[in-house]
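Residue numbers (our numbering): 165 to 336.
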């Protein structure tokens, strides 16, 4: 049974939303990924949101661009946490999506990550689940320690070769 629902309004959102899936897989969290347009197939959307709890979802990660109603409508129906992922758009650079997701009315909260922040959405979902899962919390601590080690290794290499060589290596 999936713990996290990942839903997006279009397959054009797939590249961002797979970053959330990658994080969940890395941490051993089950998920279900779906494409549903809240505007083009509202009946399908309502059924998805109304049955998400009985499917076992504890968190929904919803990505959408432009009007970006998908996360807010999920939050209006699904009683547990919803994380909105605003998508970059060509017309307004994703600000339209961000504002649509973050400006929810009182009583209908949506946690919102950065424009295109699929990986952080996956991590936030994991952190929510880890509040009642000690094994998952340990995995998250190890993940954070690994990030720290990556930064330290990059700095050690910078100190060893100097910034000019470091930059040249980055361009290759």
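The C-beta atom is built at its ideal place from N, Cα and C for all residues, glycine as well.
> Which residue's Cα is closest to the Cα of residue 208: 238, 231, 225 and 227?
Replying inline: 238
>> So within the segment 231–284, which uninterrupted beta strand (DSSP E) runs reach at least 3 residues, ignoring any that extend past its ends?
In response: 246–250
> If you run the structure through DSSP and keep just helix, strand and coil, what is residue 306?
Replying inline: helix
> Beta carbon of residue 266, beta carbon of residue 247: below 8 Å?
Replying inline: no
> With a CB to CB cut of under 6 Å and the five nearest residues on each side skipped, what residues in its chain are close to residue 276?
Replying inline: 248, 265 and 266
>> Does residue 167 pass the burial test, meaning 16 or more other C-beta atoms within 10 Å, or should it be called exposed?
In response: buried
> Is the distance from the Cβ of residue 202 to the Cβ of residue 173 below 8 Å?
Replying inline: yes
>> Does residue 211 come out as helix, strand or coil in the three-state DSSP assignment?
In response: helix
>> Can you tell me where the beta strand (DSSP E) holding residue 226 begins and where it ends?
In response: 223–228
>> Rounding to the nearest angstrom, what Cα-Cα distance links residue 230 and residue 211 in this structure?
In response: 23 Å
> For residue 221 versus residue 169, is the C-beta spacing smaller than 8 Å?
Replying inline: yes
> Using the rule of at least 16 other Cβ atoms within 10 Å of the residue's Cβ for burial, across every protein chain shown, is residue 177 buried or exposed?
Replying inline: buried
> Three-state secondary structure (DSSP) at residue 196?
Replying inline: strand
>> At the level of alpha carbons, what is the spacing between residue 308 and residue 185?
In response: 18 Å
> What's the call for residue 195, buried or exposed, on a 16-neighbour Cβ count within 10 Å?
Replying inline: buried
> Can the beta-carbon of residue 258 be found closer than 8 Å to that of residue 268?
Replying inline: no
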